[in-house]
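Take a look at the structure below.
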Amino acid sequence: MISRRAQPWLGTLVEIVAEGADDATLIAASDRAFARIAAVHAQMSFQAADSALSRVNRDAQHDWVTLSPDLAAVFAAALAFARASDGLFDPSVAGRLVESGQLPRHTGFPDATTTDWRGIELDGDRVRYTQPLLVDLSGIAKGYAVDVALTSLRDAGLAAATVNAGGDLARFGGATPIHVRLPQQPTQSVRLAELDHGAAATSAGYFQPGALRHPRSGEALCAETSVTVLAPDCMTADALTKVVAADSACAAGVLARHGAQAIVLDGQRAICSDADGWHDLPAGGTA
Numbered sequence: 001m002i003s004r005r006a007q008p009w010l011g012t013l014v015e016i017v018a019e020g021a022d023d024a025t026l027i028a029a030s031d032r033a034f035a036r037i038a039a040v041h042a043q044m045s046f047q048a049a050d051s052a053l054s055r056v057n058r059d060a061q062h063d064w065v066t067l068s069p070d071l072a073a074v075f076a077a078a079l080a081f082a083r084a085s086d087g088l089f090d091p092s093v094a095g096r097l098v099e100s101g102q103l104p105r106h107t108g109f110p111d112a113t114t115t116d117w118r119g120i121e122l123d124g125d126r127v128r129y130t131q132p133l134l135v136d137l138s139g140i141a142k143g144y145a146v147d148v149a150l151t152s153l154r155d156a157g158l159a160a161a162t163v164n165a166g167g168d169l170a171r172f173g174g175a176t177p178i179h180v181r182l183p184q185q186p187t188q189s190v191r192l193a194e195l196d197h198g199a200a201a202t203s204a205g206y207f208q209p210g211a212l213r214h215p216r217s218g219e220a221l222c223a224e225t226s227v228t229v230l231a232p233d234c235m236t237a238d239a240l241t242k243v244v245a246a247d248s249a250c251a252a253g254v255l256a257r258h259g260a261q262a263i264v265l266d267g268q269r270a271i272c273s274d275a276d277g278w279h280d281l282p283a284g285g286t287a
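Quick note on numbering: full-length UniProt numbering labels position 4 of the sequence shown as 4, and the sequence is numbered without any gaps.
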């Protein structure tokens, strides 16, 4: 039996497809998975003035702030990806997005136009900022939410399941095709790969031009391209799309160290990363 349900979270529509023995088991399992996603959303939303992340952005300028287990895990992962990529992934880019009007300026937020992940000091389950900064975890939190939801479904003993949050997805229990919109023709899509017991994430600018910015230059990324990363987990895939978008040449080593692969579409061709670097993907081929 297959259950297919969707709810709006994380700024997108999250779909859970679950396979199991009976409808009651599937509904209960997907309810628990959606509850985990809702909890991540409530804690890590930059847009919500009352979220745990907004409290951190207000208070961490002045003192240590204690984090929930979920928030501590995502802060730790964000800083690990920032170190691994030499700042090509940088969660402190939010100040620029607030200044440009792409993110809201909540009461109590500092004037923070600088971007420097090294100003975020994490000590276990507490964090502080050593300079005026604003952190946005949306570049990694959606992938984390997909992962914890999929773990919940796996723990329920289901035969197979997929969690798809607007193109950030993870799967166990058999292969499923990965389709990605064409960057310059987003009403059309192309099949890129088969996903089995892993995750994929895509960053592109077809619906929100300029939403993704280079952490150093502020330049808009993925204006006419899309970046898809296949990785063991969705949080890794989510973070590494930003690294590839910022500097594909430097990203090759980071991808390899994380057991990940990337595919970049630009409307003319597709290129794919592997242990030897970047190569053209044959027309009609899959990774």
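For every residue, glycine included, the Cβ atom is placed at its ideal position computed from N, Cα and C. These numbers were taken from a predicted model, which means no experiment stands behind them.
Sequence-distant residues of the same chain with beta carbon closer than 7 Å to residue i, five excluded per side
i, result
"S68", "Q43, A52"
"L13", "A6, G166"
"G285", "Per-residue confidence for G285 stands at a pLDDT of 47, beneath the threshold of 50, marking its modelled position as unreliable; no derived number is given."
"D266", "P183, E224, T225"
"S138", "F46"
"A78", "P91, L137, I140"
"C250", "L88"
"P177", "R191, E194"
"A112", "G95, P132, L133, L134"
"N57", "F109, L134, V135"
"I27", "S3"
"D274", "Q261"
"S248", "V264, W278"
"Q268", "none"
"A175", "E194, L195, D196"
Beta-carbon proximity check, residue i vs residue j, cutoff 8 Å
i, j, result
"S203", "A260", "no"
"A29", "E15", "no"
"V229", "T241", "yes"
"W9", "A38", "yes"
"L150", "A160", "no"
"Y144", "Q61", "no"
"A94", "D136", "yes"
"S100", "G119", "no"
"A199", "A237", "yes"
"L158", "A18", "yes"
"V98", "C234", "no"
"H197", "R213", "no"
"R32", "S152", "yes"
"L107", "L133", "In the sequence under discussion, the amino acid at residue 107 is Thr, which differs from the Leu named in the question. Against a cut-off of 8 Å, the Cβ pair of L133 and T107 comes out as no contact."
"A80", "W117", "no"
"R257", "V148", "no"
"D168", "A201", "yes"
"V54", "V243", "With the sequence shown as reference, residue 54 is identified as Ser, and Val is not the correct amino acid for it. In this structure, V243 does not lie closer than 8 Å to S54 by Cβ."
Anticipated Cβ contact below 8 Å, residue i with residue j, distance rounded
i, j, result
"A239", "W278", "So it is not a contact: roughly 19 Å between Cβ atoms."
"V264", "V227", "5 Å"
"V74", "R126", "In fact, because the Cβ distance is near 14 Å, the residues do not count as touching under 8 Å."
Residues of its chain near residue i, where Cβ-Cβ distance is below 6 Å and the 5 sequence neighbours each way are ignored
i, result
"N164", "E15"
"G173", "A159, A160"
"H179", "S189, R191"
"L71", "Q43, A52"
"H41", "W9, L10"
Cβ of residue i within 8 Å of any chain B Cβ
i, result
"M1", "Note that chain B does not occur in the displayed structure, where there is just one protein chain."
Cβ shell of residue i (< 8 Å), same chain only, five flanking positions each side left out
i, result
"D123", "W64"
"A287", "Reliability of the predicted coordinates at A287 is poor, the pLDDT of 48 falling under 50, and the value obtained from them is presented with this limitation in mind. Cβ neighbours of A287 beyond the five flanking positions: L192, A193, L230, Q261, I263, C272, L281."
"D23", "M1, S3"
"R105", "V98"
"E121", "V127, R128, Y129, T130"
Open item on the list: Restricting to runs no shorter than 4 residues, where is the alpha helix (DSSP H) found entirely within the segment 43-81?
Closed with: Correct list: 52-59.
TODO: Counting only runs of 4+ residues fully inside the segment 216-258, write out the alpha helix (DSSP H) ranges in chain order.
DONE: Runs of alpha helix (DSSP H) with 4 or more residues, each lying fully within the segment 216-258, are found at 234-246, 248-257, listed in chain order.
Task: Secondary structure, alpha helix (DSSP H): runs of 4+ residues fully inside the segment 130-212 - done: As summarised for the segment 130-212, the continuous alpha helix (DSSP H) elements at least 4 residues long and confined to that stretch are 138-155, given in chain order.
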